[in-house]
Each structure stands twice: as C-alpha cells, then as structure tokens.
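First up is the structure itself, then whatever we jot down about it.
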Amino acid sequence: MGAEQAWLLAAIPAAIFLVLALVGRYLPRQGDWLAVLAIGASFVLFFVVLVDFLTTGDGLGPFTRAIEWTQIGEFELTMGIFVDPITIVMMGVITTVSLMVTVFSIGYMKGEPRYFWYFAVLQGFAASMLLLVLADNLLLVYVAWELVGVSSFLLIGFYWERRSATEAAKKAFITTRIGDVGLLIGIILLWREAGTFSIQEIIAFAQAGGYGDTYLLIASIAVFLGAIGKSAQIPFHVWLPDAMEGPTPVSALIHAATMVVAGVYLVARLLPMFEVVDGMLLIITIVGLATALMTGIIAIAQTDIKKVLAYSTVGQLGFMFIALGAGYPDVAMFHLMTHAFFKALLFLGSGSVILATHHNQEMDKLGGLWRKMPITGTTFLIGSLALAGLPPLAGFWSKDEIWVVTDGAWGGWATVLFGIAAFLTAFYTARLFIRTFMGKPQDEHVFEHTHESPSVMTLPLIFLAILSVVSGLVVFNEVGTALGFPGGITEFVFLAEPHVYSIDWTFAGASLAVAAIGIFTGAWFYWRGRLDRSTAVASWQPALYDMARNKFYWDDMYQAGIDRGLLGFSYIVSWFDRYVVNDTGVDGTAQTTGYAGFILKHIQTGKVPNYAMAITLGIIVLALAGLAVRG
Amino acid sequence: MVPVENYLALSGILFAIGVYGVLARRNAILVLMSIELMLNAVALNFVAFAVFMDPEQITGAVVAVFVITVAAAEVGLALAIVIRYFRMRATSNIDEAAALKW
Amino acid sequence: MAVEVLWWLFAILIVGTALGVVVSRSVIHAAIFLLVALAGIAGMYVFLTVEFLALVQLLIYGGAVAVLVLLALMLTRQATGGERISLNGPQAPFAAIAAIGLAAILVASAVVTTWPRLVDDPDAVPLGRISEVLFEDFGATFILVSILLLVAVVGAIILARQEDAE
C-alpha cells in the first residue's frame, strides 16, 4: 500500500456513489453513514499515500503509473495516475473538506427529501474531483472535469422544485460548458502536435519548442478559458453567485473549496507550458486582478451572506490566478489550501446560521447572533479574520506571499491593485461578520427562534477553525520539517526549484496594515448595527452604488447579449428555417412530388394491355438504339 | 437446305404477330394464345440457331423442350386464373381488370 | 428445290394462320388457327431435321394445350350469347404499328447480320444425343422443370376448383 494505490482514493467514493444512488433509499438512515465511511476511508488513505510519498523513492520525484487503455493505429492511449506535491496538496484539501462537509451535512440536510441522493452525489463529486487531480493525461482530466461539472449541476439543482435552483443549475452548467469547449479545443490542439495526452510529455514537448508560438498561444488561451470557466473568473464569473441556490454545504464543498479551484489546479499543472508562451502569464495576472478587484466591490453591496461569500470566493480565486500569473504555483497552491479551509469554514458557518434562522440569509434581518450561537459565531470570526488576512491566521501568510511574488513579477501596478483588492476583502469581511453576528438583532422574530446548531455541525466547524488558524504556518521551514516534509510548503510544492520562505517585513507590515485598515473601516461603517454612514456613501454616489449592487451589470449585459444577439440571430435562423428550409425545401419538394404524382398517376390505367404496350415500346426503342450503336 | 436467315425472319414475324395479339386483344384467352405464338417463335429461333451454329446441334432442341414444358405449365395456370376470374366477374376481358391502379 | 418450295408454303401457312389467330373475329376460329399454326411450326422442326421435337410439339401443343384452350373458351362463354362484343381493345391500331415496327427490326437484323456457319452439314442432327444432353448436361434443370410442372398442376387445380363457399 502506497502511492501507487492512490487511485483507491477516487475509487472508494465512486463505488459508494453507485451503492447510494441505487439502494441508498432502502438503507438505514438512508446511507449517510456509508458516505461518511467512504470519504473517511479516503481521508485516511490520503495520509497513507502522503507518508509513502514522503518516505520512499528518490526524494520527492513525481510518481506515475499508467495502463494501456486502447490502441488506435499508431496511437497508444494510456490512462494513469500522476502523484506529485501538487496532487498531494489537492488530495489533502479535497478529502479534508469533503469529510467535514459530509459530516456537517448529516445535521444540515436532516429531514430533507432525497437525503440519500444528496449524499450519493456528494460522493460522486469527491470521486470525480480526486480523479481530476490524480489524472496523468489531459483526456482523463477532461472526463473528470465534466464529471465534477455534472455533480455541481446536480447539487445546485438539488432543490429542483424551486425554479431559481433549476435556473441556477442550468446557468452554472452552460456557463462552465462554454469554457469547457475551450478546454476541449485546447486539449485537441495540444494533442494534435504532440501526439500524446500525457501532461508531462506535453509540457516537455512545449518546452522543447515543439509547438509554434502562435499555435501554443491559441492552445494555451483555449485551455485557460476552460480553467477560468470552472474557476469563475471574469468573464465567466456570473454562474458562481447563482450557484448558491444549492444546499449550503454544497456551496462550501464545491463552490468554495474544491471544484472551483479545479481551474487553478489545471493552470498550476500546466504552468510550465504557459511559461513558454510570451504574454500568457500577463493574461492570467490581468484576469485574476480584474476579477479580484471587481468582485471585491460587488461583495460590498450584497446583502445575502452567501452571495457575499460567493463573490469573496471568486475574488480569492482571482488571487490564486495572480500568484500563478506571477509564476509561483507553490504560492497559488498554498493560498488554495488555506482558502479551502477558511472558506469552507465560512460557508459551513453560514449554513449553520441559515439553518438556525430557518433559511434566512439576508443580512438585513440578521444581527446579534453571536450571543445565540457562540460556537458558530466564534468559528465564523476566525474564518472571517483569516479571510481578511490578520496574522497569524492562515489567510495572512498565503495572501502575503501572493503580494510578495506579485511585486517580484510585475512591479508597481500589480502590487498596488492587489493591495486595493486585499483592502476590499478585509472591508466586506468585516461588514459581513458585524452585520450578521454583532449589533442589535434586526428582526426580533427571526432572532428569537435562533438556536445553536447540533454538535454534528459544530464539530466540523471547530475542526476547520483549527485548520484555518494553523494551516498557514506550514509556510515556515521549521513547521514543514517537523511534520516530515522537506521544508515549508514552498519547498514542497514547486515546479522549477524550491524557494525557502523568509518573511519580507515590508510586505508583512503592509499586509497587516491593509487588513487592519479594511477591518477598521468596515467596523466604522457598520458597528453596532448602524447603517447611516454606508447609506450616506451610497446616496453620495448612487451610480457607483447601483453598479456594485447590480454586479457591474454583467448578468444584464449577458442577458442583453442573449436577447439582442442570440435571439435576434435565432430569429433570423428560425425564419430561414421556417420559410426557406421548411416551406421551400421540405414542404416544397414534397408538394412538387405530390403534385407531379397527382398528375402522373393517370398514366397508371391499371389495364394490363397498356403496360404491355409500354414494355413493347421500350423494347423497340432499346432495339433501335442497339442497332444505331452497332451501325 | 433453307438458310438460317429464313428461319430467323419467320421467327421474328411470328413473334411480332404474337406481340400484336397480346397488345390488341382484350379477351384473356386470346391474349394467352398470342403468348403461345411468341413462345413458339422463340423456340423455333433456338432450334434454328442450334442446328446451324452449335457443333452439338442439339442444345437448342433441349431448350425448346423446356420452353414447351414451361409453356404448358403457364397455360395451365393462366387458364385456371382466367376461369376463376370469369366466375368472379362474369367476363374474361382483361381491360376490365383495372383495379391495380391509384 | 422441292424442299424449299415446300418450306415457303409452310412459312406462308404459319404466318397466315398466326395472323388469323390475332385478327379473327371469333374465338373458336382463333383457337383453330392457333392449332394449325402450331402444327406448322412442327413442320418447321421437321425441316430442321429435329423430328423428335416436331413430335413433342404436335403432342403437347397440338393436343394438350389446344384442347385446354378450347375447354377454357367453352367455360368462359359470355352469358349474353348473341351480342357480339369486339375482341380487340381500344389500343389495337397502336399495337399494329408497334408490331410492324418490331417485325421490321427483327427481320432486318436477321437478314442483314452475317451469321457464322459453324456446322458443315446441318442436315444430319444427331437426334440420339437428345436424351444424353437432357439428362446429363441439363439434369438439374430437368428436375427443376419437373417440380415446376407439378406445382403448376397443383396450383391450377386449386385455383380452378369450385369452392363450396362460392
């Protein structure tokens, strides 16, 4: 048992998915214990794989194992797993968060219809996601990529009785699909020249200059489209906030911690290839920065706590892309990990709030909940501070790292913009926490019925809160060494060469200052439930406020684009179809044939002598023709 | 010995007369009789060709035997059909059997 | 020379009676013309020195088929009796044109073509070989034709049978 059995991590949840989907309804407790056991087994197996990976072989070389799948002509298609530090980090995040979310869901989903189906799809998602990070070739990546998309679709639309849920599910699926088409095109383009789907071979091929410059740029952008579709970056970010229609634990697992980072993972995996292309890293950085800034502004004006968290997630994913754009997958993976923990914590915390207040997620009706829900409140505070970036919580270290590498890669403008985005993060986080948990209750009725959640929900919160506190510390060399790693996380996850972490005091100070100022500003605006200062700002610049509140009109833009462009074009096409293709082409030929038949049917007299006459005349004509030919 | 062309011409004329009968007559039995003329023309053609051009000289005669046999079978069946039809419609005019159309 | 004169007489007889078959206004006359025409063809087989075939022709056509035709004619006698309806259909003129054209084509190609003469002495057809060829070279065909005949006979009986229901 070791790294070569890593595929079991994905296989166990996949098997349980089948069991639950088929017979889950008839199992005691509808099989939720089976789901917990399966993901728990994966969680334990992860540590087995980790230990094996750290202790065997020549240090930390990637481990790969493949079987021949099929052979088409000269082309051999192999399917296999590839385990390297990036995979290890991803697997750790996925199994941990999945386990926490599954346990939490037992409490959150209690009494819901289709309880077994929920857990089945949750397992299916975990299996697909693990397959995605384990895959050694792009074809398998694509398969898993679509599988997580389907799982996401099913879970967003879990409450399919609600129209908004089905709409959101469709929106998520279609929006990500647009990116996925890019990914598929990119994969095909990469395969066409290299003749292999293997990620490592494609990277080597690209680095050896096998692709032409323009060709590789197009292929890279196509792949990147898939990545930003899944990771909800501009311009594909619109689906993620709507995806909050799903059950809140699902939002925590899929739309905050794991699935949406698939794009980050893919870019990190293929970063050596992107680095070959001139300007690709700049594109990644610009997309990440634009997303982070814009979603930061939008998040300020949202009142639905899940929507705030959703935009925050999009922004944090933008941070990861900024790190990737700077050429530091290690930093991106670091932030991915810490973000997964504290964002899952925040989402589960919000789930706890939503359940306790009987599905109320509007900030305008919440407030003062800390007294009623001490555990949820405290853990939520930890998560918020981690998101805001206060030391020594996890978010501080990873965000600080991104800032440092941004400065190293692009210089002034990126640094400043990133600072603004970090400030916005701290600001809306403070607003979210203060308006939900502090101050006076806005709605007494809601407040009175609120109660602390059961321990099956608070325990995962506590566990994730602990991780949110300590997981940032793995950046330190000493911590990494103590845990058996070769050093801090930047010395474990790397592509070219490890770099030893050292605190850059300038940036650490600036980071702390930005977070503190952001939190303070947020507190100044919203402390003790007051809204007059923020209202004043809103009425001072109503256009700006409306813009943020309406999410920069992205949805309206798309809607208008669809209405004017797509529907207009469809109208033309349908006109063409109706009058040209159908009336002229289909009905026209049919009618011509029918009319000709109507006329010509009179030839058919039904009298045998007439037919015999026709035969005779035919023979005479043939005979004459034969004589003429013969001369 | 009469040359082969004579036989062929005779056979051709006979065949054409048969064709005229098939096309012109409306009584089913007369049509059948015309068909017999055509079949005989063909058989005569075979035999003439065989006698003048086949080294064995006999294959044509064998084919003619087959033609006569098949013709006999055909006449038997066709007349049975005609009688049946006559019983049904009280006529043996083939141009009244015109149900096979639109 | 005498043979050729006789041949021409026979040819004229055949053509004349055949025309009688197709233009006669009486079905009975037509049947009798057919009988003579078929006998004339039997004569042609004698000219071709295939006497066996002439015998078969007389037996089957002159005997069996002609009798069958006459029988059928009697069975389908029009009930109207005296009233004479035309035996020719409306397309008879066109049929005449087509038939003349066909005859012209056939006679022309028969006369114009230079036929190869492979047999030196057409007067001596080895009739004794007919059974050998029939049963050896065409054995399978012979059996098939026998089965065909059987089926035709059974089918004719079934078709012509007076059913109780009718």
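Protein chains in written order, with the numbering used here: chain C, -9 to 621; chain V, 250 to 351; chain G, 44 to 209.
For each residue, glycine too, the CB sits at the ideal point set by N, CA and C.
Small disclaimer: the values here were computed from a predicted structure and weren't measured.
Once the 5 residues before and after residue i are set aside, which same chain residues still bring their CB inside 6 Å of it?
i	result
residue 378 of chain C	416, 419, 505, 509
residue 424 of chain C	516
residue 109 of chain G	78
residue 95 of chain C	239
residue 67 of chain C	59, 60
residue 295 of chain V	309, 312, 313
residue 121 of chain C	0, 134
residue 316 of chain C	395, 396, 399
residue 159 of chain C	143, 146, 147
residue 625 of chain C	The question about residue 625 of chain C has no answer here: the residues shown for chain C are numbered -9 through 621.
residue 192 of chain C	180, 184
Give the residues of chain V in contact with residue i, contact being defined as C-beta atoms less than 8 Å apart.
i	result
residue 94 of chain G	Correct list: empty, because the minimum Cβ distance to chain V is about 10 Å.
residue 98 of chain G	Within chain V, no residue comes near residue 98 of chain G; the closest Cβ sits about 11 Å away, beyond 8 Å.
residue 44 of chain G	Here the premise fails: no neighbours, minimum Cβ distance about 11 Å.
residue 622 of chain C	This structure cannot settle anything about residue 622 of chain C, because the visible part of chain C is limited to -9 through 621.
residue 198 of chain G	326, 329
Compute the beta-carbon to beta-carbon distance between residue i and residue j, rounded to the nearest angstrom, for a pair I have assumed lies under 8 Å.
i	j	result
residue 74 of chain G	residue 329 of chain V	About 18 Å separates the two Cβ atoms, so there is no contact after all.
residue 245 of chain C	residue 303 of chain C	7 Å
residue 640 of chain C	residue 340 of chain C	Nothing can be reported for residue 640 of chain C: it is not among the residues displayed for chain C, which extend from -9 to 621.
residue 656 of chain C	residue 140 of chain C	The first residue shown for chain C is -9 and the last is 621, placing residue 656 of chain C beyond what the model contains.
residue 228 of chain C	residue 165 of chain C	6 Å
residue 142 of chain G	residue 326 of chain V	That pair is no contact at about 26 Å.
residue 53 of chain C	residue 37 of chain C	In fact, because the Cβ distance is near 16 Å, the residues do not count as touching under 8 Å.
Which residues of chain V have a Cβ atom closer than 9 Å to the Cβ of residue i, listed in chain order?
i	result
residue 606 of chain C	268, 271, 272
residue 602 of chain C	268, 271, 272, 280
Quick one: residues in its chain with C-beta nearer than 8 Å to the C-beta of residue i, no 5 flanking neighbours on either side, listed in chain order?
i	result
residue 185 of chain G	177, 178
residue 387 of chain C	324, 328, 381, 462, 463, 465
residue 270 of chain C	207, 210, 211, 214, 264
residue 484 of chain C	75, 319, 320
residue 452 of chain C	365, 369
residue 409 of chain C	393, 500, 504
residue 383 of chain C	332, 372, 375, 376, 458, 459, 462
Given a threshold of 16 other Cβ atoms within 10 Å of its Cβ, counted over all protein chains shown, does residue i qualify as buried or as exposed?
i	result
residue 540 of chain C	exposed
residue 161 of chain C	buried
residue 370 of chain C	buried
residue 187 of chain G	exposed
residue 251 of chain V	buried
residue 306 of chain C	buried
residue 22 of chain C	buried
residue 503 of chain C	exposed
residue 287 of chain C	buried
residue 339 of chain V	exposed
residue 12 of chain C	exposed
residue 334 of chain V	buried
residue 533 of chain C	exposed
For residue i, which residues from the same chain have a beta carbon less than 7 Å from its beta carbon, with the 5 sequence-adjacent residues on both sides left out?
i	result
residue 301 of chain V	253
residue 35 of chain C	-2, -1
residue 77 of chain C	123, 124
residue 290 of chain V	260, 263, 264, 267
residue 507 of chain C	413
residue 28 of chain C	2, 3, 6, 113
residue 168 of chain G	92, 93
residue 291 of chain C	535, 538, 539
residue 15 of chain C	106
Can you pull the chain C residues whose beta carbon is under 7 Å from the beta carbon of residue i, in chain order?
i	result
residue 205 of chain G	Chain C residues near residue 205 of chain G: none, gap ~26 Å exceeds 7 Å.
Using a cut-off of 7 Å between C-beta atoms, extract the partners of residue i located in chain G.
i	result
residue 613 of chain C	148
residue 67 of chain C	Within 7 Å Cβ-Cβ: nothing; residue 67 of chain C doesn't reach chain G, min ~56 Å.
Provide the residue(s) that pair with residue i in DSSP beta bridges, ordered along the chain.
i	result
residue 53 of chain C	C:73
residue 294 of chain C	C:352
residue 62 of chain C	C:65
residue 294 of chain V	Note: residue 294 of chain V sits in no beta bridge, so no partner.
residue 274 of chain V	G:131
residue 127 of chain C	C:188
Find the residues of chain G that neighbour residue i, judging by a C-beta separation of less than 9 Å, and give them in chain order.
i	result
residue 610 of chain C	141, 144, 145, 148
residue 278 of chain V	70, 73, 74, 112, 115, 116, 119
So which residues on chain V does residue i lean against when the C-beta distance must stay under 7 Å?
i	result
residue 47 of chain G	251
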